[in-house]
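A.B. asks: Residue numbers (the working numbering), protein chains in the order written: chain P, 1 to 881; chain A, 882 to 1762.
Glycine included, each C-beta is placed from N, C-alpha and C at the ideal position.
The following block contains the structure, expressed as structure tokens.
There are 2 protein chains.
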Amino acid sequence: MEKYVYFFGNGKAEGNAKMKDILGGKGAGLAEMTNLGVPVPPGFTISAEVCKYYYDHGRTYPEGLKEQVKEALHRLEEVSEKKFGSVENPLLVSVRSGAAISMPGMMDTVLNLGLNDETVRGLAKLTNNERFAYDAYRRFLQMFGDIVMGIDRLKFEKELEKMKEEKGVKLDTELDAEDLKKLVEKFKKIYKEEGKEFPQDPWEQLWKAIDAVFGSWMNERAITYRKINGIKEDELLGTAVNVVMMVFGNMGEGSGTGVAFTRNPNTGEKKPYGEFLPNAQGEDVVAGIRTPLKLDELKSRLPEVYEQLMEVMQRLEKHFRDMQDVEFTVEKGKLYILQTRSGKRTATAAIKIAVDMVKEELITKEEAILRVEPRHVETVLHPMFDPEEKAKAKVIAKGLPASPGAASGKAVFDAKTAEEWKKNGEKVILVRPETSPEDVGGMAAAEGILTSRGGMTSHAAVVARGMGKPAVVGAEEIVVDDVEEFLKVGDVVVKKGEWISIDGATGEVLLGKVKAMEQQGLSGELAELLNWADEIRRLGIRANADIPRDAKVAREFGAEGIGLCRTEHMFFEKDRIPKMRKMIVARTKEEREKALEELLPLQKEDFKGLFKEMEGYPVTIRLLDPPLHEFLPKEQEQLEQVAKDLGISVEELEEIVEALHEFNPMLGHRGCRLAITYPEIAIMQTKAIIGAAIELKKEGMEIEPEIMIPLVGHVNEIKYLKEIIEEVADKMIEEAGVELKYRVGTMIEVPRAAVTADQIAQEAEFFSFGTNDLTQMTFAFSRDDIGKFLPEYLEKKVLDIDPFKTIDRDGVGSLVRIAAEKGKATRSDLKVGVCGEHGGDPASIEFFNSIPQLDYVSCSPYRVPVARLAAAQAEAKQKKQ
Amino acid sequence: MEKYVYFFGNGKAEGNAKMKDILGGKGAGLAEMTNLGVPVPPGFTISAEVCKYYYDHGRTYPEGLKEQVKEALHRLEEVSEKKFGSVENPLLVSVRSGAAISMPGMMDTVLNLGLNDETVRGLAKLTNNERFAYDAYRRFLQMFGDIVMGIDRLKFEKELEKMKEEKGVKLDTELDAEDLKKLVEKFKKIYKEEGKEFPQDPWEQLWKAIDAVFGSWMNERAITYRKINGIKEDELLGTAVNVVMMVFGNMGEGSGTGVAFTRNPNTGEKKPYGEFLPNAQGEDVVAGIRTPLKLDELKSRLPEVYEQLMEVMQRLEKHFRDMQDVEFTVEKGKLYILQTRSGKRTATAAIKIAVDMVKEELITKEEAILRVEPRHVETVLHPMFDPEEKAKAKVIAKGLPASPGAASGKAVFDAKTAEEWKKNGEKVILVRPETSPEDVGGMAAAEGILTSRGGMTSHAAVVARGMGKPAVVGAEEIVVDDVEEFLKVGDVVVKKGEWISIDGATGEVLLGKVKAMEQQGLSGELAELLNWADEIRRLGIRANADIPRDAKVAREFGAEGIGLCRTEHMFFEKDRIPKMRKMIVARTKEEREKALEELLPLQKEDFKGLFKEMEGYPVTIRLLDPPLHEFLPKEQEQLEQVAKDLGISVEELEEIVEALHEFNPMLGHRGCRLAITYPEIAIMQTKAIIGAAIELKKEGMEIEPEIMIPLVGHVNEIKYLKEIIEEVADKMIEEAGVELKYRVGTMIEVPRAAVTADQIAQEAEFFSFGTNDLTQMTFAFSRDDIGKFLPEYLEKKVLDIDPFKTIDRDGVGSLVRIAAEKGKATRSDLKVGVCGEHGGDPASIEFFNSIPQLDYVSCSPYRVPVARLAAAQAEAKQKKQ
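Laid out in structure tokens, this is it:
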């Protein structure tokens, strides 16, 4: 006969941790602990194979199961020295479901099974606590009625409420034994009214509960849960059933219940941490009426139990090789461990524990890397509000958590004011309906940015992340009036100069000033952990940085070069934009070249700054990318000023703006198309890049410039421009008489480029995947417009993830893979990287790591530490497979 | 010793037509004709292998070449009974280059070689025509100087002009023998001044000419020509050199020259057609001073020559199996054929000749199919201006030839007027700056459409092609004032009501009314030819049609179903658009459903009309595709009216317009995204489609509806909508109790759909490639905006073709291939077609035919005959390979 029932108790179990498939997670854990000699309440597990049999055979059980359960229960009686159904010394059990994967929606727990009109009296006598016994009984009646018999739990709740009303009390605990006895009768009446009979026979109770557990495997909620979470029916046998002896912490002063962590879950300190509530059950802790004691007090009250707990906890941590969160109950001086699991911890603790455990030789460096979540790194690097202070503040709205970090400042409603106030030493939060390139100066001056419109990839979000500045965007409840200079949410109005706070990690907007905690920075354990990550990871990590300040941050955070410098950002600066506009309104090539001539020295200085910060590392500079109309003003008022500055009529300027207008600017006259129609722009930029490199080279620095041509879709585009660039660059290098190596390559961001990457690699010396735009083109999703349908797509599960946040593996990712393969097949020394925002997203990095042709990812400077960790995790996981 | 020189003459040649590689096209042709017994002037060809040797060995000749040339020339003297360099009976020759591929830019022809100060006198005596002899000599001096000696030809021209001035004459022919003698002396002086000597020795002349031919193979123009045309150096040996005896048609009345076609090149009639000029040389025909005689007159003048010519022409046509264009010269009663080639012909002739030749069993049906160019079919199907009448009319501007056909009408400047005037029996041309969906009624009413803006894929162009209506778009010289109602080009003004004409095949805009020729239509030989095409082609041909009228045309032209019905076009009609707008401004689902309810019966009638016309054939109906803002008015004036009609305030309407605004509508809230956010629209359309089908089914008709979901990029999109559609449709079919099969499929127009086609085919029952949008997304080219850079791309050869006209094989085409393969691999009975405009482009059809998984192409009704032919050609060509 097959074995269906696995006993555990008295230090020995028939199962173990590896038998998750048939014992479920819970059953395997209980068996494992038992084998470890941990004092677990004894019990047995009915295998998940029974569940499979149950459904394969029209909801019947295999032969011999009844006998095996009976035998196991007898063993339980022996071990517990109690008797199932006995009035004198009743054995009570809990019945729980437990599949290999934890699955909400299935029947969870029935406690106190075994109680009936007789045994309840035995329990009362045994515990010398009638109230406890009847409370246990009425709870059992309720749970059993609800979960096993299918009686609406509200019916029981109503009776309970009525009783409390009659007695004029508020809490369940204020009911006395007599009240509870009456309640028991009323509960039994509910059964009757429902046409059901509460089974007095404990055996009948047990089998009904077992039936209910197996039955719940196929209930609607469980099926839906599996469907939503992509768990396939045939990957699981079903659920197991755990039958475990009840223990009680409320049997006097020698009893109690508690929770303990093997290390401090807040700080990570290697010292047990927890709480203990004497003479109480778990529920009492939850009810929160009595204040639990610190774990230390257990030591003085029950020193032997404490010693045993310490010893067990150490053993568990060593065995499971992770910080454990242990639930325990002491019944009359006897310690029972009810559950152990890896403990939840703060970011700081996660990092410290992982590093400490490597030093203690408990885990390997790879394991340490995998223990820390990328978001943990982000959290410790960005300022956070003091949790207590934050709890007191009023949250007035919630937007998208666009750029992590906490910030408080006086609300200002335009970029100019932000810059002015900042100069006067004020802290400000820049509040805008949405931001545009003209706001960049104000954004840099502000402590944080708040917008009422835009998504995670809006201008505000992208720029803020690039600056490492906290930002909340798309807080749509907020009405921002940037003319009258106030914001409004419901009745709350915040005027210019009033304090406001934002939490860029959660998207919360808070009224007033909230105190922030000190920032940890990239030092201590985190630095150590990331150094290990660097040893493990295969992918290089670069940063997207446009200015020396960002490049400096990137280097400090461990970036190994710049993967994307967007040169257009340089042209938005106050001293540049008039010159840029002069270039745009030029009527002849000569006029245009003259305007460019004025930009050249400025741009050269920009590059010198970047190169200096990145000495010895490659710097990828993208030629001008956005359509020219982005540099022209949009509003009438500004138009007049700009026309005046440029010395042309408003009509002329309007004509130019009109001529530059595009129906779909994303697919319009931009990227390399600009450089092909106006090669003089590319020439000026080449001169600035190579000129800067030559000057530093002469000073003895190692400079590695990479000139990147954007939006290439056809090999002829890069071919045409590469010829022009090389002609200019080679002549300059020859004239300067220096040795300077530079590369010319391209963004891969147009689907056609990915499909024809073999051809493009004949010209390109490197590829950098612009996965933002590649996602836009591949999906035909304008990221400025997806707000109209993406939320609904996510809600209706048409899409599982926002493809601008995490790379779409099947579509966009597949193009990345094809292009990387084709590119390297054509040119074996092709450098291949990713510079889209996905380069800083851990889930995307895991995918990129799986493409052997990819050499590096590049992300905003503040995400570099996250990317270092994520890249190491990806590699460690891949090696494991 | 290797053979380098191939002789031909006296009815026998050493080469033949198959030896093109070494003899070049010209040499092989002369050899072939000689072998056929055609009286060709004798001569010899120096093999192209010599050219290769020449360049491989530092511009020297292989051993033995000199001897072989000498020997060939001796044979030529024997056959011609003349002597090279003889004063009494001089042999003159022409020297011509000739590679396997005809190649402009290489040295072409030196005539009369062999003349010198002595032989010219012999020629004068022999011809008894001193003027002729010196004219030949001065021409030779000029050609030889220019082509062989590298003397600027303008120097000779100047002397000629001076001479004419001195003599006070205008034409060369007015110079007499004495003048020409003087000119000869002056020309020789030019040689001297250039430091060069004119070689009197004919052998030296000959070798210098041969050197020049081989030297010209590597001159700059020839190299550039090969580069531009993608001819690789190593695919060709080089050029051959042809040395041929000169014959003269100007040796009296028994001499002459002419051109003859074996059939009438204008009508295709099987009757020789040509001209003959007695006592003249080819140049005299070109000079156009004397009017040539009809070929018939040769019969009366030189009956034997005529008979011989007829016999030779018949032989040539039979041999080359095509209508021949024959150049001939009669020298003193002796007929010489100088050249034969396939004759150029009109569209009408091309079709008639091809069909006749099949009936004459001269060619196969496949060959007939390949002989007719797709544009021929288009030409005979569309009205054309009478060429003589057109020649008299004034062309005032040239735009893009957006939709073929000729049309005259009174100029009107708005759609409403067009409709009204049409009702009153007037013919009108609708002239607009550009058109929008609101102009569609006026476009239908007009004879033709003229716009000053927009490209080949602008609204005006696309709609006009769909209607088969002549259109010229983007005629940018024209200023259209639609307020004052006139157009202006330079000084020319055309006011409302004045006649104007357009030629949609050439893009010309003509002043006044121009008489058109009668339209041939799809009958007679064309119908026969297309029936053969149907037998041969593999691809099915469907039409893109939105209304019953178009469907009718499509069926008449042989369409085998509708590949794309754009339902949105139905909503732009006058009685629909107010209801559509009501739907758009609806605030609740209920309001929206109410508005849709009103549209349902109208839409159902639309579909009934289409289904009836297409009985027995599949009809693919695309669900609503464009973004909703396209249905709302753009101008302030209209906004007010529409707000009034809808019973809402202008402010409310403005807010809705603002909310619907998109930055990149091409990538925005449209296609299936609309249906997912507003499933009620898809439900209404499903009800209309299935309802219409059920009603006709009950009448006993065979109906095959295919419901097409646009813009799908992810399998979940079609999955989500297919469930909704099937629920509605299946319920209706069940309730109606009819047997109705329908399919649900998708457009493949988003790159992601192509890449994940295997997944999408799990849901889709058919694919239809929307190659217009697929090209936009794959290239990241907005076709509304490419005017800003595409012209420059084509000019700079960054792109060879406009990818919206002919499919880009490497990029977009590669996605089509991948998707078709993946789709059919998942679902073997998947129907796969193309419904983008490329479906009507012959070059694109050739590519589509090469994808075995593609089942059909669909194009505008008027292009169906073109597509039928092109598909047959593609298949015939593919089979040949």
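Could you tell me whether any Cβ in chain P is nearer than 8 Å to the Cβ of A/G1692?
C.D. replies: Closer than 8 Å: yes.
A.B. asks: Give the secondary structure of A/R1313 by DSSP, where H, G and I count as helix, E and B as strand, and everything else as coil.
C.D. replies: Of the three classes helix, strand and coil, the one that applies to A/R1313 here is strand, per DSSP.
A.B. asks: Quick check: the Cα distance between A/E1615 and A/G1335, rounded to an integer number of angstroms?
C.D. replies: One C-alpha to the other measures close to 49 Å.
A.B. asks: Any C-beta of chain A within less than 7 Å: which residues of the region 652–680 of chain P qualify?
C.D. replies: The region 652–680 of chain P vs chain A, Cβ under 7 Å: E662, F663, N664, P665, M666, L667, G668, H669, R673, I676 and T677.
A.B. asks: Which of the three DSSP states, helix, strand or coil, is assigned to P/N849?
C.D. replies: In the structure shown, P/N849 sits in a helix (DSSP, three-state: H, G or I).
A.B. asks: On the CB-based measure, 16 or more other CB atoms within 10 Å of its CB, does A/I1104 come out buried or exposed?
C.D. replies: It is exposed - the Cβ of A/I1104 has fewer than 16 other Cβ atoms within 10 Å.
A.B. asks: If I'm right that A/R1226 touches A/A1753 with Cβ under 8 Å, what's the distance once you round it to whole angstroms?
C.D. replies: Not quite, the Cβ-Cβ distance comes to about 20 Å (not below 8 Å), so this is no contact.
A.B. asks: Could you name the residues of chain A that P/L141 contacts, counting a contact when the two beta carbons are closer than 7 Å?
C.D. replies: Neighbours of P/L141 on chain A: none; closest Cβ ~44 Å, over 7 Å.
A.B. asks: For chain P, check one thing: does any of its Cβ atoms lie closer than 8 Å to the Cβ of A/G1155?
C.D. replies: With 8 Å as the cut-off, A/G1155 does not count as an interface residue toward chain P.
A.B. asks: Rounded C-beta distance between P/G833 and P/D855? I'm assuming under 8 Å.
C.D. replies: Contact flag correct, Cβ pair sits at about 6 Å.
A.B. asks: Sort P/R263, P/G268, P/I190 and P/P278 by Cα distance to P/G249 and report the nearest one.
C.D. replies: Of the listed residues, the one whose Cα sits closest to P/G249 is P/P278.
A.B. asks: Within 8 Å, do at least three Cβ pairs link the region 989–996 of chain A to the region 971–978 of chain A?
C.D. replies: Touching, per the Cβ criterion.
A.B. asks: Are at least three pairs of beta-carbons, each pair with one atom in the region 1569–1583 of chain A and one in the region 1479–1487 of chain A, less than 8 Å apart?
C.D. replies: Touching, yes, given that three or more Cβ pairs across the two stretches are closer than 8 Å.
A.B. asks: Report the three-state DSSP secondary structure of A/M1461 (helix, strand or coil).
C.D. replies: A/M1461: helix per DSSP, three-state reduction.
A.B. asks: Less than 8 Å between the C-beta atoms of A/M1398 and A/M1265, yes or no?
C.D. replies: Yes.
A.B. asks: Roughly how many whole angstroms lie between the Cα atoms of A/A1280 and A/I1310?
C.D. replies: Looking at the sequence provided, one finds Gly at residue 1280 of chain A rather than Ala. Cα to Cα, the separation comes out at about 15 Å.
A.B. asks: Helix or strand or just coil, what does DSSP make of P/C565?
C.D. replies: It is a strand residue.
A.B. asks: Using the C-alpha atoms, what's the distance from P/R375 back to P/L36?
C.D. replies: Their backbone Cα atoms lie some 34 Å apart in a straight line.
A.B. asks: With DSSP as the reference, identify every bridge partner of P/V857, one or two as the case may be.
C.D. replies: Its beta-bridge partners are P/I541 and P/V834.
A.B. asks: Is it right to say P/P627 is buried, meaning 16 or more other beta carbons lie within 10 angstroms of its own, or is it exposed?
C.D. replies: Per the 10 Å Cβ criterion, buried.
A.B. asks: What ranges does the alpha helix (DSSP H) occupy inside the region 1131–1181 of chain A, keeping only unbroken runs of at least 4 residues that lie completely in it?
C.D. replies: The region 1131–1181 of chain A contains these whole alpha helix (DSSP H) runs: 1163–1168.
A.B. asks: Check the Cβ of P/M777 against every Cβ in chain A and list those closer than 7 Å, keeping chain order.
C.D. replies: The contacting residues are P1632, M1658 and A1661.
A.B. asks: Given this structure, state the Cα-to-Cα distance separating P/D625 from A/T1387, to the nearest angstrom.
C.D. replies: Distance between the alpha carbons of P/D625 and A/T1387 is about 37 Å.
A.B. asks: Below 7 Å on C-beta distance, what does A/E1042 contact in chain P?
C.D. replies: Going along chain P, no residue has its Cβ under 7 Å from A/E1042, so there is no contact; the nearest lies around 39 Å.
A.B. asks: Three or more beta-carbon pairs under 8 Å between the region 1240–1258 of chain A and the region 1753–1762 of chain A, yes or no?
C.D. replies: Contact holds: three or more Cβ-Cβ distances are below 8 Å.
A.B. asks: So, with DSSP's three-state summary, where would you put P/R345?
C.D. replies: Correct three-state label for P/R345: coil.
A.B. asks: Using a Cβ-Cβ cutoff of 8 Å, what residues of the region 708–741 of chain P are near chain A? List them in chain order.
C.D. replies: The residues in question are L711, G713, H714, N716, E717 and Y720.
A.B. asks: Look at the alpha carbon of A/F925 and the alpha carbon of A/C932, and state the distance between them as a whole number of angstroms.
C.D. replies: Cα to Cα, the separation comes out at about 16 Å.
A.B. asks: Nearest chain P C-beta to A/L1118 closer than 8 Å, yes or no?
C.D. replies: By this cut-off, A/L1118 is not an interface position.
A.B. asks: Need the endpoints of the beta strand (DSSP E) that A/V1207 sits in, please.
C.D. replies: Run containing A/V1207: Q1205 to E1212, per the beta strand (DSSP E) assignment.
A.B. asks: So, for P/A354: in the same chain, excluding its five sequence neighbours on each side, which residues have a beta-carbon less than 6 Å away from its beta-carbon?
C.D. replies: Contacts found: A368, R371 and V372.
A.B. asks: According to DSSP, which residues form a beta bridge with P/S501?
C.D. replies: In DSSP, P/S501 forms a bridge with P/S408 and P/L510.
A.B. asks: Give me the chain P residues within the contact set of A/E1673, using Cβ-Cβ distance strictly less than 9 Å, ordered along the chain.
C.D. replies: Correct list: R673, I676 and T677.
A.B. asks: If you measure from the beta carbon of A/L1513 to each beta carbon in chain P, is any gap under 8 Å?
C.D. replies: No, A/L1513 does not count as interfacial toward chain P.
A.B. asks: Do we get a CB-CB distance below 8 Å when we pair A/S1649 with the residues of chain P?
C.D. replies: No, A/S1649 does not count as interfacial toward chain P.
A.B. asks: Listed in chain order, which residues of the region 1353–1383 of chain A have Cβ atoms closer than 9 Å to some Cβ of chain P?
C.D. replies: Of all residues in the region 1353–1383 of chain A, none has a Cβ within less than 9 Å of some Cβ in chain P.
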